[in-house]
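Peer 1: Sending over a structure as structure tokens; questions will come in a sec.
There are 2 protein chains.
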Amino acid sequence: MVVEDRRLAVLRAIVEDYVATEEPVGSKALVERHQLGVSPATVRNDMAALEDEGFITQPHTSAGRVPTDKGYRLFVDRLTQVKPMTGAEKRAISSFLDGAVDLDDVVQRSVRLLSQLTRQVAVVQYPTLSRSTVRHVELVSMTPTRLLVVLILSTGRVEQRLVEVDAALTDDELATLRGKLNATVGGRRISEAIAALDAFDTEVHPELVAAATEIAAAVADAVSDHRASDRVVVGGTANLSRFGEFDTTIRPLLEALEEHVVLLKLLGEAEHDGMVTVRIGHEGPFQNLATTSVVAAGYGPGDQAIASLGIVGPTRMDYPGTMASVRAVARYVSRILDEA
Amino acid sequence: MVVEDRRLAVLRAIVEDYVATEEPVGSKALVERHQLGVSPATVRNDMAALEDEGFITQPHTSAGRVPTDKGYRLFVDRLTQVKPMTGAEKRAISSFLDGAVDLDDVVQRSVRLLSQLTRQVAVVQYPTLSRSTVRHVELVSMTPTRLLVVLILSTGRVEQRLVEVDAALTDDELATLRGKLNATVGGRRISEAIAALDAFDTEVHPELVAAATEIAAAVADAVSDHRASDRVVVGGTANLSRFGEFDTTIRPLLEALEEHVVLLKLLGEAEHDGMVTVRIGHEGPFQNLATTSVVAAGYGPGDQAIASLGIVGPTRMDYPGTMASVRAVARYVSRILDEA
DNA sequence: GCTTGGCACTCAGCCGGTCGGAGTGCCAAT
DNA sequence: ATTGGCACTCCGACCGGCTGAGTGCCAAGC
Chain Y
1 MVVEDRRLAV
11 LRAIVEDYVA
21 TEEPVGSKAL
31 VERHQLGVSP
41 ATVRNDMAAL
51 EDEGFITQPH
61 TSAGRVPTDK
71 GYRLFVDRLT
81 QVKPMTGAEK
91 RAISSFLDGA
101 VDLDDVVQRS
111 VRLLSQLTRQ
121 VAVVQYPTLS
131 RSTVRHVELV
141 SMTPTRLLVV
151 LILSTGRVEQ
161 RLVEVDAALT
171 DDELATLRGK
181 LNATVGGRRI
191 SEAIAALDAF
201 DTEVHPELVA
211 AATEIAAAVA
221 DAVSDHRASD
231 RVVVGGTANL
241 SRFGEFDTTI
251 RPLLEALEEH
261 VVLLKLLGEA
271 EHDGMVTVRI
281 GHEGPFQNLA
291 TTSVVAAGYG
301 PGDQAIASLG
311 IVGPTRMDYP
321 GTMASVRAVA
331 RYVSRILDEA
Chain B
1 MVVEDRRLAV
11 LRAIVEDYVA
21 TEEPVGSKAL
31 VERHQLGVSP
41 ATVRNDMAAL
51 EDEGFITQPH
61 TSAGRVPTDK
71 GYRLFVDRLT
81 QVKPMTGAEK
91 RAISSFLDGA
101 VDLDDVVQRS
111 VRLLSQLTRQ
121 VAVVQYPTLS
131 RSTVRHVELV
141 SMTPTRLLVV
151 LILSTGRVEQ
161 RLVEVDAALT
171 DDELATLRGK
181 LNATVGGRRI
191 SEAIAALDAF
201 DTEVHPELVA
211 AATEIAAAVA
221 DAVSDHRASD
231 RVVVGGTANL
241 SRFGEFDTTI
251 RPLLEALEEH
261 VVLLKLLGEA
271 EHDGMVTVRI
281 GHEGPFQNLA
291 TTSVVAAGYG
301 PGDQAIASLG
311 IVGPTRMDYP
321 GTMASVRAVA
331 RYVSRILDEA
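Quick note, the sequences are listed as chains Y and B, same order.
The numbering of the first sequence is the numbering used here, which starts it at 1 and goes up by one.
The numbering of the second sequence is the numbering used here, which starts it at 1 and goes up by one.
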């Protein structure tokens, strides 16, 4: 039905104009700036229909129309094909990220890159390690009864814990424990490693059971604590300037950005299928962030999504552009993790 | 001279009222709210004098007066005695900080505490290690030619580096190197350790020189890299709401808060003499932060100042209260570092 | 020599009214 | 289904007057 198509074209035009101008858009301006091939009056009829269906609304009588969350949703779902990045952009992204020296640096650079590309507030979650594996466990004796447990994971992260044992351990005993420990958890995924550690003390010489239990607990703690810590990094908060109202929008968002738990919830579960997730306004889990949208994507080595990254911005944002940027960055970061 | 004293009292009253009300304060309101014992006319004369001397100014003719940076400076230097914390406050601070489990946690909690106490943006610098000492160096063989160098410092921080050596090392050789290495750097300050490492390869058996050089380089790198990294943590940005103008004040500050180098410059050199440093408006190093003040204090174990913490806020802030909070937190954090 | 009351003056901010323009909805014509 | 015409609405800008807080100055008083 051709009229239905035109209505969608009108909606698209409204969204694009509103995003560009930040002002309610009227029928006349619309036909001037887009090749719709019809008169303002026709557009008015279409707008009335779109308003009835809840896709647009007018701030007050005799003003132009503004997209609703539902309108943005339709726009994102059906009226958008993600613009591919230009070659120059791709090169810029990859060269910027390739300069990273370690995982921390990758995360830092990703945040910076994302916020600059999208001119929004960027959020990058540290890779969770639930899918990563234990590369090596090292026991270092500090004093006769104090051990340093160093845990090295396949992502390159290192965790350490100090353990007090009741009885002093000889170097030989330490070597034995180290060997068994690595046999138990080496190469395993985090979740498997934790499970395996439960039974660890049954494998060692009776005299070492007490120490083994302590050590196993420390390793398990280091592992799970780290998994739970789920750090996130935020950048580009200066871009908040373009968000509009301070009290209604900026302040709640600033508060959310400091609460990492909230942030993680906002980013949502990572899905690493090459797609970006868009959460628009009230669709998100927090009602005081009703005027902000989240564009996120999962990333990780191979096709595992081990973390999310994305941006937070006003519902009135350039969705095609941001989606393209987020997707591109997620892909490049994944590729870097592949190589590591 | 009694009239001079009264002028100072007037200045103090102006600062206090302006901080409280955020509005220019006039002569009449002043005599009503403070026991100055003189008439508004007299106060007007005093105000005129204070204005001549540059301590206050009026936003426009026929408005009340507002303190200038110079006025705040005088207020802070001569009209303020830092209010001691109440017992309850002290207990709250110490119990909140005592719950920290490690250095990271101490820093996190300090930021949160500071921002809540002062209702400003809090900034805490990680302890720099230039004054801290090397507690232990551990060498862990990962594969025959790959070593993990783990460095433990007196502050509790741990750094690690991976080193590739040309020739495989036996366990005995490793033990020898480990021993010599600890003899060389153990207990030394970072700066001394770096110096001592220069000559490290001369002390070992000729066959090990190559490996020793590599390892020494890694240790030196870990040490100095970490010293340079100088991380800072920021919190309480939601308090920016009370800062006034977005473009003139909040935005530049948000930008500064993301640039850690800038932040460190803002915090300034730590002086750990129990005093707080106050930098008011234009006194700071950045002219686009002319309407913000910094209240900072050094902290660290013993009487060494190894880092700074503080808050950033509008020049119009409650200096006595803020100074008290910053000082108190710096002291408690120092005490915690003492114990560790 | 300070201090004080009086007085004229200034000016930001509020209030109310007017006006223009952008935009709408509806209707009749095609 | 589309279009031009038309009456209507209402936001926001503009204007002028008013008010009140606050000042500076001066002459009188302690």
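Glycine residues also receive a C-beta, built at the ideal position from the N, C-alpha and C atoms.
Fair warning: this is a prediction, and the values are worked out from it, not measured in the lab.
1) Are the C-beta atoms of residue 138(B) and some chain Y residue less than 8 angstroms apart?
2) Under 9 angstroms Cβ-Cβ, which residues of chain Y neighbour residue 94(B)?
3) Cβ closer than 9 angstroms: which chain Y residues qualify as neighbours of residue 247(B)?
4) Could you tell me if residue 205(B) is buried or exposed, where buried requires 16 or more neighbouring beta carbons within 10 angstroms of its beta carbon?
5) Are any of the Cβ atoms in chain Y nearer than 8 angstroms to that of residue 160(B)?
6) To which residues of the same chain is residue 228(B) closer than 6 angstroms at the C-beta, ignoring the five residues directly before and after it?
7) Enumerate in chain order the residues of its own chain whose CB-to-CB distance from residue 344(B) is below 6 angstroms, with the five nearest sequence positions on each side excluded.
8) Hey, is residue 238(Y)'s beta-carbon within less than 8 angstroms of any beta-carbon in chain B?
9) Considering only C-alpha positions, which residue in the set 146(B), 173(B), 200(B) is nearest to residue 181(B)?
10) For residue 299(B) and residue 147(Y), what's the separation of their Cα atoms in angstroms?
11) In the DSSP assignment, find the unbroken alpha helix (DSSP H) run with residue 343(B) in it and report its ends.
12) How many angstroms separate the CA atom of residue 274(B) from the CA atom of residue 209(Y)?
13) If we call anything under 8 angstroms between Cβ atoms a contact, is residue 315(B) one with residue 281(B)?
14) Just to confirm my understanding: we take residue 29(Y), look at its own chain, exclude 5 residues before and 5 after, and list those with CB closer than 6 angstroms. What are they?
15) Mind checking if residue 107(B) is an interface residue toward chain Y, Cβ cutoff 8 angstroms exclusive?
16) From this set, 42(Y), 142(Y), 294(Y), which residue's C-alpha is nearest residue 163(Y)'s C-alpha?
17) Taking the C-alpha atoms as reference points, what is the distance between residue 244(Y) and residue 124(Y)?
18) For the beta strand (DSSP E) that contains residue 293(B), what are its first and last residues?
19) Contact check, residue 133(Y) vs residue 153(Y) under 8 angstroms by CB: the rounded distance?
20) Below 8 angstroms between beta carbons is the criterion; list the residues of the region 252-273 of chain B that meet it against any residue of chain Y, in chain order.
21) Reducing DSSP to helix, strand and coil, say where residue 136(B) ends up.
22) Closest to residue 333(B) by C-alpha separation, out of 8(B), 103(B), 319(B), would be which residue?
23) Give me the Cα-Cα distance between residue 197(B) and residue 267(Y), rounded to the nearest whole angstrom.
24) What does residue 244(Y) reach in chain B if we use C-beta pairs closer than 7 angstroms?
25) Residues in its own chain within less than 6 angstroms of residue 19(Y) by CB, not counting five upstream and five downstream?
26) Consult DSSP for residue 57(Y) and reduce its assignment to one of helix, strand or coil.
27) Residues of chain Y with CB closer than 8 angstroms to the CB of residue 235(B), please, in chain order.
28) Going by DSSP in three states, residue 68(Y) sits in which element: helix, strand or coil?
29) Let me see if you follow: with CB-CB separation under 8 angstroms, is residue 148(B) close to chain Y or not?
30) Pick out whichever of 74(Y), 6(Y), 287(Y) has its Cα sitting closest to the Cα of residue 38(Y).
31) What in chain B is Cβ-close to residue 142(Y), meaning under 7 angstroms?
32) Leaving aside the five residues before and after residue 22(B) along the sequence, list all residues of the same chain whose C-beta is less than 8 angstroms from its C-beta, in chain order.
33) Using a 10 Å radius around the Cβ and a threshold of 16 neighbouring Cβ atoms, would you call residue 302(B) buried or exposed?
34) DSSP state of residue 228(B), grouped into three classes?
35) Note down, one range per segment and in chain order, each beta strand (DSSP E) of at least 3 residues found wholly within the region 233-297 of chain B.
Peer 2: In short:
1) Locating residue 138(B) in the second sequence gives position 138, counting from the first residue. Judged by the 8 angstroms Cβ criterion, residue 138(B) is in contact with chain Y.
2) Start at 1 with the first residue of the second sequence, and residue 94(B) comes out as number 94. Simply none; closest approach about 23 angstroms.
3) Reading the second sequence from its first residue, position 247 is the one you call residue 247(B). Within 9 angstroms Cβ-Cβ: 241.
4) Your numbering for residue 205(B) matches position 205 in the second sequence. With fewer than 16 Cβ atoms within 10 Å of its Cβ, residue 205(B) is classed as exposed.
5) The count along the second sequence starts at 1 and reaches residue 160(B) at position 160. Yes, residue 160(B) lies at the interface with chain Y (some Cβ there is under 8 angstroms from its Cβ).
6) Numbered from 1 along the second sequence, position 228 holds the residue referred to as residue 228(B). Residue placement at residue 228(B) is poorly supported in this model, since its pLDDT is 45, which falls under 50; the coordinates still yield a value, given next. Contacts found: none.
7) Coverage of chain B is limited to positions 1 through 340, which leaves residue 344(B) absent and any answer about it impossible.
8) Sequence index remark: in the first sequence, residue 238(Y) carries index 238 (1-based). So yes, residue 238(Y) belongs to the interface.
9) Locating residue 181(B) in the second sequence gives position 181, where the first residue counts as 1. Of the listed residues, the one whose Cα sits closest to residue 181(B) is 200(B).
10) Locating residue 299(B) in the second sequence gives position 299, where the first residue counts as 1. Locating residue 147(Y) in the first sequence gives position 147, where the first residue counts as 1. The straight-line gap from Cα to Cα measures roughly 29 angstroms.
11) Residue 343(B) cannot be examined here, being either before or after the span of chain B that is shown, 1 to 340.
12) Start at 1 with the first residue of the second sequence, and residue 274(B) comes out as number 274. Start at 1 with the first residue of the first sequence, and residue 209(Y) comes out as number 209. The straight-line gap from Cα to Cα measures roughly 49 angstroms.
13) Counting from 1 along the second sequence, the entry for residue 315(B) is found at position 315. Counting from 1 along the second sequence, the entry for residue 281(B) is found at position 281. Closer than 8 angstroms, so yes.
14) For the purposes of this step, residue 29(Y) is identified with residue 29 of the first sequence, where counting begins at 1. Residues of the same chain with their beta carbon placed closer than 6 angstroms to that of residue 29(Y) are lacking, with the five preceding and five following residues left out of the count.
15) Numbered from its first residue, the second sequence carries residue 107(B) at position 107. Not an interface residue.
16) Counting from 1 along the first sequence, the entry for residue 163(Y) is found at position 163. Residue 142(Y) is the option with its Cα nearest to residue 163(Y).
17) On the first sequence, residue 244(Y) is found 244 positions in, with the first residue counted as 1. On the first sequence, residue 124(Y) is found 124 positions in, with the first residue counted as 1. In a straight line, the C-alpha of residue 244(Y) is about 24 angstroms away from that of residue 124(Y).
18) Taking the second sequence and counting its residues from 1, the one referred to as residue 293(B) is at position 293. 292-299 is the extent of the beta strand (DSSP E) around residue 293(B).
19) As a first step, residue 133(Y) must be located in the first sequence, where it is residue number 133. As a first step, residue 153(Y) must be located in the first sequence, where it is residue number 153. With a contact defined as Cβ atoms closer than 8 angstroms, residue 133(Y) and residue 153(Y) qualify at about 7 angstroms.
20) 254, 255, 257, 258
21) To locate residue 136(B), count along the second sequence from 1; it is residue 136. Residue 136(B) falls in the strand class under three-state DSSP.
22) Within the second sequence, the letter at position 333 stands for residue 333(B). Nearest C-alpha to residue 333(B): 103(B).
23) Start at 1 with the first residue of the second sequence, and residue 197(B) comes out as number 197. Start at 1 with the first residue of the first sequence, and residue 267(Y) comes out as number 267. Using only the alpha carbons, I get a separation of about 46 angstroms.
24) Taking the first sequence and counting its residues from 1, one reaches residue 244(Y) at position 244. Correct list: empty, because the minimum Cβ distance to chain B is about 10 angstroms.
25) Locating residue 19(Y) in the first sequence gives position 19, counting from the first residue. The answer, listed in chain order, is 316, 318.
26) Within the first sequence, numbered from 1, the residue matching residue 57(Y) stands at position 57. Strand.
27) Along the second sequence, read from residue 1 onward, the residue named residue 235(B) stands at position 235. Simply 258.
28) Counting from 1 along the first sequence, the entry for residue 68(Y) is found at position 68. Here residue 68(Y) sits in coil by DSSP.
29) For this step, residue 148(B) is matched to residue 148 along the second sequence. Yes, contact with chain Y.
30) One-based indexing of the first sequence puts residue 38(Y) at position 38. Closest by alpha carbon: 6(Y).
31) Walking along the first sequence from the start, residue 142(Y) turns up at place 142. In chain order: 136.
32) Here residue 22(B) refers to the residue found at position 22 when the second sequence is read from its first residue. Answer for residue 22(B): 316, listed in chain order.
33) Position 302 of the second sequence, counted from the first residue, corresponds to residue 302(B). Classification of residue 302(B): exposed, given that the 10 Å Cβ count is below 16.
34) Looking up residue 228(B) in the second sequence gives position 228. Unreliable positioning characterises residue 228(B) in this predicted model, as indicated by a pLDDT of 45, which lies under 50. The coordinate reading is nonetheless provided below. Correct three-state label for residue 228(B): helix.
35) 277-279
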